[in-house]
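Taking it in order: structure first as C-alpha cells, then the write-up.
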Amino acid sequence: DTEVTQTPKHLVMGMTNKKSLKCEQHMGHRAMYWYKQKAKKPPELMFVYSYEKLSINESVPSRFSPECPNSSLLNLHLHALQPEDSALYLCASSHPTGGQETQYFGPGTRLLVL
Amino acid sequence: GQNIDQPTEMTATEGAIVQINCTYQTSGFNGLFWYQQHAGEAPTFLSYNVLDGLEEKGRFSSFLSRSKGYSYLLLKELQMKDSASYLCAAISGSARQLTFGSGTQLTVLP
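Note that the protein sequences, when read in sequence, are chains P and U.
This note's numbering numbers the first residue of the first sequence as 1 and each following residue consecutively.
This note's numbering numbers the first residue of the second sequence as 115 and each following residue consecutively.
In C-alpha cells form, the structure reads like this:
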C-alpha cells in the first residue's frame, strides 16, 4: 500500500476565511511534506516534517501554518490567503532513511482563493 | 545551490522509443528520482537511482552517472497514455530534500 490521502479534493475560499488541508498516510513513513504546484510548473517544497518535528520551512508566509499531530497525519492551516496562493497543494511522505526515500504523493487539494 | 535542467517539451510517435535527459548540480546529492505527472493529477513515482548505471522496470528504464551529474529516462514502446509531464528530481541533504526540474512535457502522436 503506497497511498497518501488528502482532503478536500477541491477548496474555494475567500481572503478572510480560515480553512485546513488534511493529509494522511498509513505506510509507517516518518517524513511528510507539503508542496505547492502552480500550473505548468514543478512542485515547490513548502515544509518538511521528520519524526513529527518541523525540519524545513522554505520561507513560506505565515498565512500558511503546518501541523503534524501524529506520525500519520499532516495538516496545513490556511488564513488570510491571497489570490496568488491559488494552486495545487500536494502532500507526500517517505521513510527518511537511506535507500527508502521514495516520496509518495497524495492526489492533492486544488485551492482557489477569491 | 540546486540546479536541475531538462528539456521543456518532446514529441514522439506511438510505438517508438524516447529518451528524456536530465542534468543536475546539487550539493549533498543522495539520489535521482523520475516522476510522471498527468495534467491535473499528482506526480507518480517511476524510478529512483542511487548508484551509477541503468535500472530497468518494464517499458521504463532510468540511468544515472553521478560523476557527470547526468540522468536519463528511457521509455520504450510508447503508448498514447504516456503523454504526460516527466519530472526529474534530486534528493539531497540530511533532511532528504527533493528538488524538482521544470519537467518535460512529452506528447505521443499516433
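Here a beta-carbon is modelled for each residue, glycine too, at the ideal position from N, C-alpha and C.
Original post:
Distance, Cα to Cα, K53 of chain P vs L74 of chain P?
Top reply: 11 Å
Subject >> Cβ neighbours of F105 of chain P in the same chain (closer than 6 Å, five flanking residues each side left out) >> reply: L90 and A92
Subject >> Chain-ordered chain P contacts of R180 of chain U [CB-CB under 7 Å] >> reply: The premise fails here: R180 of chain U is roughly 15 Å from chain P at the closest Cβ pair, so nothing lies under 7 Å.
**OP:** Please check the pair P8 of chain P and S216 of chain U, which I expect to be a contact at CB under 8 Å, by giving their CB distance rounded to whole angstroms.
**Re:** That belief does not hold up - the Cβ atoms of P8 of chain P and S216 of chain U are roughly 28 Å apart, past 8 Å.
Original post:
Is the number of C-beta pairs between the region 203 to 215 of chain U and the region 147 to 158 of chain U that are closer than 8 Å three or more?
Top reply: yes
Subject >> At least three beta-carbon pairs within less than 8 Å, the region 189 to 196 of chain U to the region 122 to 132 of chain U >> reply: yes
Subject >> Span of the beta strand (DSSP E) around Y33 of chain P >> reply: A31 to Q37
**OP:** Could you please give me the residues that DSSP links to E168 of chain U through a beta bridge?
**Re:** Just to set this straight, residue 168 of chain U is Leu in the shown sequence, not Glu. Answer is U:F177.
Subject >> Residue environment, P157 of chain U, which counts as buried when at least 16 other CB atoms sit within 10 Å >> reply: buried
**OP:** For A87 of chain P, go through chain U and note every residue whose CB falls closer than 8 Å to its CB, in chain order.
**Re:** Here the premise fails: no neighbours, minimum Cβ distance about 12 Å.
**OP:** Mind checking who C136 of chain U pairs with in its DSSP beta bridge?
**Re:** U:S185
Subject >> P83 of chain P classed as buried or exposed, judged by whether at least 16 other C-beta atoms fall within 10 angstroms >> reply: exposed
Original post:
Starting from N70 of chain P and walking both ways along the beta strand (DSSP E), at which residues does that stretch end?
Top reply: F64 to N70
**OP:** Throw me the rounded Cβ distance for the H95 of chain P and R30 of chain P pair, which I believe falls under 8 Å.
**Re:** 6 Å
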